[in-house]
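Worksheet: the structure to be examined is printed underneath.
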């Protein structure tokens, strides 16, 4: 048996132990992991320094390098995140429905852990602890396959956490870090369909496509966020402007940032120049349709690729639309199924927009930047699904469980002639 | 663009129309489909006669031939099933959670259709109508790819239903039957990951493995049902015997039939001979472990393959176990994650069994034969998932939807400095 398969089987056995832990035991376990990580800060920072040195040597810089970097404050942040996960409601064992059938059978739907979750990720070493914590709290074993650039950091964090698991009497295989970083080993992991219940890739589009292409286990994907703001004819324009500035500029590099502004033609002449002014002062480059450019001549022309782009930068695509239906048609064509926003005071328009949008998150008069597990009340987030199955939108601990059936009877049989 | 892709895109557009229909409109639509199928009985039977003739010519017989056969009563049954689906609760639009965040955002979780569902199935032409109805009621478009042996029946049923859709003003692409039955076209369908939201294969293990192997779209599988009955030391033996006879003999060819009996050693000497007697009178062949055979000498010896087998026949594997934990260990090893049953009067044993079992359905003192969407209160069933994701166990209309987020605000922004 291959090393990868052996490890995965051990993780599955450990997951069975986790699945049966009480809520209190899981909380204590996560607090112990947090304590251990706090105590191990020095070891982790030392390992991170090696990753940083290697990255610098390779010429990595800017945001990429920053994502890799740990310092005392960041490790403290990871420790705090572990304690937050420990305080989350436990989704396991929750009875979501209960019904007594006419024949007296009591049918319950009860949440159980998924089993074994494979996290495939790049760069950020905090994912090693964050993802592991959420998986464990939901009673799952987790197999972590991080990027080679963070290998020392990931190994140090996982090592500290595994020691703490063992000290708590939980098999350390419950948290398994893949040390063999060859692509073919990742592919092998993604094809262990009799062991791995779910793969969650987090990283660039290339990684996610690679995982989707090679997986034989279920995958929940999050490709990208091409988020739209539609400013309706009946919008409160000051409010719309706030949403626009927040959506585009408060953190342009994240997936819930705005990428496209759609404006109803009836208010475009008033709204667009105001928007151009507010965004211009914040160094945002605008790329618009012909009609937009007639109103804001400084705007560059937009083409198809602009409307499809996830800029993750201070650039915004702009288009004037004839009505709400035209806005919906544009969004259907270019949406990445992540998050769309309408600004309007017209209740009927809001309803039509909500009904017409198929994306995971649809917002009325609120910033797209709230499309986040923490902000929407999930407590913590393991990713944002743009796959319209199992979970759609931000995924918290509950999304790492599934409902099954527990049935209690008193000797009911399907066919009376079976009675002996 | 290929024909398959063109058809799938048309189905997706039609699905958008379905997604926005009211419950009343969908009920009326399904009643119209039922009326049309009733009126088209003659056409359907004529087509079925051609399939039957071709099958006989190929030497098909027995249960296989029976699965293919339609008559007036069976078509009436399909019509009745359509009317039952029309009366089901509409899962779409249901608000499952509602929360007001500290910043005033109102966050709702609302059920929406999955989008486009591909059904891949064999033989039974009733699936063409049954699956279509459930998909449509949940607001989804459906692409049906049936087996070549039922091609005339499927084409006739789909034709009648599509005419009725069009007459109701719904694009007939909402129900698309794949007419090109080449394997490579099925593979193409299974790889349309930008269009198809879910594939559900129904049929033999070979078909399901083929789908799982080639799909790039999410697949919910149902491989097989190796269902276990564990008769605990504290079982009511008469009750356990009823469950055993019902589970094994009331319909041995289905996936919720029992395949293995596990008996606690303390009651084996009393229970096993009774069981052998009751099953023997019903022509069930027993294959047991050494200890079982010591009690029932007529029993044939069982080997590994017997405990892994889904017999779908009047054969039962038998094993004596030392205790409940040994029963769980056996089930963990051989289970297909479908349905497991315990017979016991010991509440604590029942709890330990329920907690220890990871299968989709776990039953206490009830026949495994109730593991069925209709019996468990789902109204109708599109399949039984043994995939521990999205849905686990019998899948009804609700399993053809997913929750998304609807957020209403009053100008909330994530960062106060975004205010203009």
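Protein chains in written order, with UniProt numbering: chain A, 1 to 420; chain B, 1 to 420. Glycine included, every Cβ here is placed at the ideal spot set by N, Cα and C.
Please report the distance separating the alpha-carbon of residue 83 of chain B from that of residue 364 of chain B.
Working through the second chain from its first residue, we reach residue 83 of chain B at position 83. Working through the second chain from its first residue, we reach residue 364 of chain B at position 364. Rounded to whole angstroms, the gap between the alpha carbons of residue 83 of chain B and residue 364 of chain B is 33 Å.
Terminal residues of the continuous beta strand (DSSP E) containing residue 385 of chain B?
Translated into positions along the second chain, residue 385 of chain B becomes position 385. According to the DSSP assignment, residue 385 of chain B belongs to the beta strand (DSSP E) that extends over 383-389.
DSSP three-state call for residue 299 of chain B: helix, strand or coil?
For this step, residue 299 of chain B is matched to residue 299 along the second chain. In the structure shown, residue 299 of chain B sits in coil (DSSP, three-state: anything other than H, G, I, E or B).
For residue 377 of chain B, return the contacting residues in chain A, with the cut-off set at a CB-CB distance below 7 Å.
Here residue 377 of chain B corresponds to residue number 377 of the second chain, with the count starting at 1. Contact annotation for residue 377 of chain B against chain A: 99, 101, 107 [CB-CB distance below 7 Å, chain order].
Rounded to a whole number of angstroms, what is the C-alpha to C-alpha distance between residue 48 of chain A and residue 340 of chain A?
Counted from its first residue, the first chain places residue 48 of chain A at position 48. Counted from its first residue, the first chain places residue 340 of chain A at position 340. Each residue's Cα considered, the two are about 38 Å apart.
May I have the straight-line CA-CA distance separating residue 270 of chain A from residue 107 of chain A, to the nearest angstrom?
Locating residue 270 of chain A in the first chain gives position 270, where the first residue counts as 1. Locating residue 107 of chain A in the first chain gives position 107, where the first residue counts as 1. So the two alpha carbons sit approximately 59 Å from each other.
Which chain B residues sit within Cβ distance under 7 Å of residue 353 of chain A?
For the purposes of this step, residue 353 of chain A is identified with residue 353 of the first chain, where counting begins at 1. Simply none; closest approach about 10 Å.
Measure from the alpha carbon of residue 127 of chain B to the alpha carbon of each residue in B:146, B:205, B:231, then state which is nearest.
For the purposes of this step, residue 127 of chain B is taken as residue 127 along the second chain, with counting starting at 1. For residue 127 of chain B, the nearest C-alpha among the options comes from B:146.
In the DSSP assignment, what are the bridge partners of residue 290 of chain B?
The residue labelled residue 290 of chain B in the question sits at position 290 within the second chain. Residue 290 of chain B pairs with nothing; no bridge assigned.
Can you confirm whether the stretch 251-268 of chain A touches the stretch 359-376 of chain A when touching is taken to mean that 3 or more C-beta pairs between the two stretches lie within less than 8 Å?
Touching, per the Cβ criterion.
So with CB distances below 9 Å, who are the chain B contacts of residue 363 of chain A?
Locating residue 363 of chain A in the first chain gives position 363, where the first residue counts as 1. Those are 105, 405, 406, 407, 408, 409, listed as they occur along chain B.
Mark residue 140 of chain B as exposed unless 16 or more other C-beta atoms lie within 10 angstroms of its C-beta, in which case mark it buried.
As a position in the second chain, residue 140 of chain B is number 140, starting the count at 1. When all chains shown are included, residue 140 of chain B counts as buried.
Suppose only complete runs of 4+ residues qualify. What are the alpha helix (DSSP H) ranges in the stretch 26-59 of chain B, listed by chain order?
Correct list: 41-57.
Residue 209 of chain A, enclosing beta strand (DSSP E) - first and last residue
Within the first chain, residue 209 of chain A is the residue found at index 209, counting from 1. Residue 209 of chain A: not part of any beta strand (DSSP E); member of the alpha helix (DSSP H) spanning 205-214, first to last residue.
Would you verify that the beta carbon of residue 223 of chain A is, or is not, closer than 8 Å to some beta carbon of chain B?
For the purposes of this step, residue 223 of chain A is identified with residue 223 of the first chain, where counting begins at 1. No, its Cβ sits nowhere closer than 8 Å to a Cβ of chain B.
Please name the residue or residues paired with residue 201 of chain B in a DSSP beta bridge.
Here residue 201 of chain B refers to the residue found at position 201 when the second chain is read from its first residue. The partner list for residue 201 of chain B (beta bridge, DSSP) reads B:120.
In chain order, what residues of the same chain have a beta carbon less than 8 Å from the beta carbon of residue 18 of chain B, not counting five sequence neighbours either side?
The residue given as residue 18 of chain B occupies position 18 in the second chain. So the list reads 26, 113, 136, 139, 140, 141, 170, 174, once near-sequence residues are dropped.
Can you give me the C-alpha to C-alpha distance between residue 222 of chain A and residue 307 of chain A, rounded to a whole angstrom?
Locating residue 222 of chain A in the first chain gives position 222, where the first residue counts as 1. Locating residue 307 of chain A in the first chain gives position 307, where the first residue counts as 1. Looking at the two C-alpha atoms, the distance is approximately 19 Å.
Between which residues of its own chain and residue 314 of chain A is the CB-CB distance below 6 Å, once the five residues before and five after are set aside?
In the first chain, residue 314 of chain A corresponds to position 314, counting from 1. Cβ within range, chain order: 252, 283, 284.
Start-to-end residues for the beta strand (DSSP E) that takes in residue 405 of chain A:
Position 405 of the first chain holds residue 405 of chain A. The continuous beta strand (DSSP E) containing residue 405 of chain A extends over residues 401-412.
Are any of the Cβ atoms in chain A nearer than 8 Å to that of residue 393 of chain B?
Locating residue 393 of chain B in the second chain gives position 393, counting from the first residue. Yes - at least one Cβ of chain A is within 8 Å of the one on residue 393 of chain B.
Could you give the residue range of the alpha helix (DSSP H) that holds residue 157 of chain B?
Within the second chain, the letter at position 157 stands for residue 157 of chain B. Unbroken alpha helix (DSSP H) run through residue 157 of chain B: 151-167.
In chain A, what lies closer than 7 Å to residue 246 of chain B by C-beta?
Counted from its first residue, the second chain places residue 246 of chain B at position 246. Think of a sphere of 7 Å around the beta carbon of residue 246 of chain B: the chain A residues whose beta carbon falls inside it are 413, 414, 415, 418, in chain order.
Which residues in the same chain have their Cβ closer than 8 Å to the Cβ of residue 46 of chain B, if we skip the five residues on either side of it in sequence?
By one-based count along the second chain, residue 46 of chain B stands at place 46. So the qualifying residues of the chain are 156.
With 8 Å as the threshold, decide whether the Cβ of residue 278 of chain A is near any Cβ in chain B.
As a first step, residue 278 of chain A is located in the first chain; it is residue number 278 there, counting from the start. So yes, residue 278 of chain A belongs to the interface.
I need the DSSP call for residue 217 of chain B, collapsed to helix, strand or coil.
Here the question's residue 217 of chain B lines up with position 217 in the second chain. In the structure shown, the three-state DSSP call for residue 217 of chain B is coil.
Quick check on this structure: which residue in B:39, B:162, B:65, B:230 has the alpha carbon closest to the alpha carbon of residue 318 of chain B?
Position 318 of the second chain, counted from the first residue, corresponds to residue 318 of chain B. For residue 318 of chain B, the closest of B:39, B:162, B:65, B:230 by C-alpha to C-alpha distance is B:230.
Classification of residue 300 of chain B by the beta-carbon crowding that lies within 10 angstroms, buried from 16 upward
Translated into positions along the second chain, residue 300 of chain B becomes position 300. Exposure of residue 300 of chain B is indicated by the presence of fewer than 16 other C-beta atoms within 10 angstroms of its C-beta.
Relative to the C-alpha of residue 320 of chain B, which candidate in B:352, B:346, B:335, B:287 has its C-alpha closest?
By one-based count along the second chain, residue 320 of chain B stands at place 320. In this structure, B:287 is the residue among B:352, B:346, B:335, B:287 with its C-alpha nearest to the C-alpha of residue 320 of chain B.
Figure out for me which residue from B:347, B:348, B:360, B:345 has the closest Cα to the Cα of residue 331 of chain B.
Taking the first residue of the second chain as 1, we reach residue 331 of chain B at position 331. The residue among B:347, B:348, B:360, B:345 with its C-alpha nearest the C-alpha of residue 331 of chain B is B:360.
Tell me which same chain residues have a C-beta within less than 6 Å of the C-beta of residue 451 of chain A, skipping the five on either side of it?
This structure cannot settle anything about residue 451 of chain A, because the visible part of chain A is limited to 1 through 420.
Proximity of residue 116 of chain A and residue 78 of chain A at Cβ, strictly below 8 Å:
Stepping through the first chain from its first residue, residue 116 of chain A is reached at position 116. Stepping through the first chain from its first residue, residue 78 of chain A is reached at position 78. Not closer than 8 Å, so no.
Candidates A:124, A:172, A:164: closest to residue 154 of chain A by CA position:
Against the first chain, residue 154 of chain A aligns to sequence position 154. It is A:124 whose Cα lies nearest to the Cα of residue 154 of chain A.
On the three-state DSSP scale, how would you describe residue 419 of chain A?
By 1-based counting over the first chain, the position of residue 419 of chain A is 419. Looking at residue 419 of chain A - three-state DSSP - the assignment turns out to be coil, as it is neither helix nor strand.
Stretch pair the stretch 159-167 of chain A + the stretch 32-46 of chain A: three plus CB contacts closer than 8 Å:
Between the stretch 159-167 of chain A and the stretch 32-46 of chain A there are three or more inter-stretch CB-CB distances shorter than 8 Å, so the stretches are counted as touching.
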